[in-house]
Amino acid sequence: MEYNKHINILAETLFELLSEALGLQPDHLSSMGCNKGCSIVSHYYPPCPEPELTLGLRKHADAGIMALLLQNHVNGLQVLHDDQWFDVHPARGGLVVNIGDLLQILSNDKFKSVKHRVTANRVGPRISVGCFFSGHADMLEEPFGTMKELISETNPPRYKEFVLKEYIDKVLSSPIDSKPAIDYYKL
Ligand code: OGA
Ligand code: NI
Numbered sequence: 003m004e005y006n007k008h009i010n011i012l013a014e015t016l017f018e019l020l021s022e023a024l025g026l027q028p029d030h031l032s033s034m035g036c037n038k039g040c041s042i043v044s045h046y047y048p049p050c051p052e053p054e055l056t057l058g059l060r061k062h063a064d065a066g067i068m069a070l071l072l073q074n075h076v077n078g079l080q081v082l083h084d085d086q087w088f089d090v091h092p093a094r095g096g097l098v099v100n101i102g103d104l105l106q107i108l109s110n111d112k113f114k115s116v117k118h119r120v121t122a123n124r125v126g127p128r129i130s131v132g133c134f135f136s137g138h139a140d141m142l143e144e145p146f147g148t149m150k151e152l153i154s155e156t157n158p159p160r161y162k163e164f165v166l167k168e169y170i171d172k173v174l175s176s177p178i179d180s181k182p183a184i185d186y187y188k189l
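According to this note's numbering, the residues represented by the sequence shown are 3 to 189, in order.
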């Protein structure tokens, strides 16, 4: 409970910085409800005798708004950049901040979600705790799309509007390696 409290404070600060980076008022993303709907998911990756035969977690981008990830000292997390996988070495006391697909949509691709995966390891266990922000429950029934403030003639929307609840249903009902929900809404 204590960790969750601190994560929420950190998220609020990060959403302020992200709002400012988009040229908006610092409280913009939080006042929309982006800093709400935090779910905590822990992963336990046991040591694997044949790590070349499997993965800890398959390639994906986080579907929500933002994820804050705490990892123990065991390597495994990798991000995809220019078709190459790079290790994200755990930094003691550090958290990984992941932009999710919904923030990519809100920002009209100014912020990009990143594809990542977790390899299997001979050593372990690897333990991670992810805090996933998917937004205030009030956002579920509302139309969702790129923020109006960012749209202009030179920056037309790159996504169709949709209802967030449908998007989340798609995410929860499809396997991790199927077509990402964001792809259904690209213009
Ligand atoms: C996830 C994720 C990474 C990890 O749960 O979406 O990417 O290190 N986890 O467990
Ligand atoms: Ni992830």
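Glycine is no exception: its CB is placed at the ideal position from the N, C-alpha and C atoms.
Check: Does the region 56 to 70 come into contact with the region 95 to 107, if we say contact requires no fewer than three beta-carbon pairs (one atom in each stretch) closer than 8 Å?; Outcome: yes
Check: Residues bridged to residue 83 by DSSP?; Outcome: 86
Check: Give the DSSP-derived three-state secondary structure of residue 118 in the structure shown.; Outcome: strand
Check: Could you tell me the boundaries of the beta strand (DSSP E) in which residue 134 lies?; Outcome: 128 to 135
Check: Give me whichever residues DSSP pairs with residue 145 in a beta bridge.; Outcome: 165
Check: Just the residues with CB closer than 6 Å to a heavy atom of ligand 1, in chain order, which are they?; Outcome: 43, 45, 59, 64, 71, 73, 79, 118, 120, 130 and 132
Check: Three Cβ pairs or more, each shorter than 8 Å: is that satisfied between the region 80 to 87 and the region 135 to 144?; Outcome: no
Check: Classify residue 157: buried if its beta carbon has 16 or more other beta carbons within 10 angstroms, exposed otherwise.; Outcome: exposed
Check: Rounded to whole angstroms, what is the Cα-Cα separation between residue 126 and residue 74?; Outcome: 10 Å
Check: Beta strand (DSSP E) containing residue 62: first to last residue?; Outcome: 57 to 62
Check: Return the CA-CA distance between residue 13 and residue 51, expressed in angstroms with no decimal places.; Outcome: 37 Å
Check: Whole angstroms is fine: what's the gap from residue 37's alpha carbon to residue 93's?; Outcome: 24 Å
Check: Mapping the DSSP letters down to three states, classify residue 69 as helix, strand or coil.; Outcome: strand
Check: Just tell me which of 35, 130 and 3 has its CA closest to the CA of residue 48.; Outcome: 130
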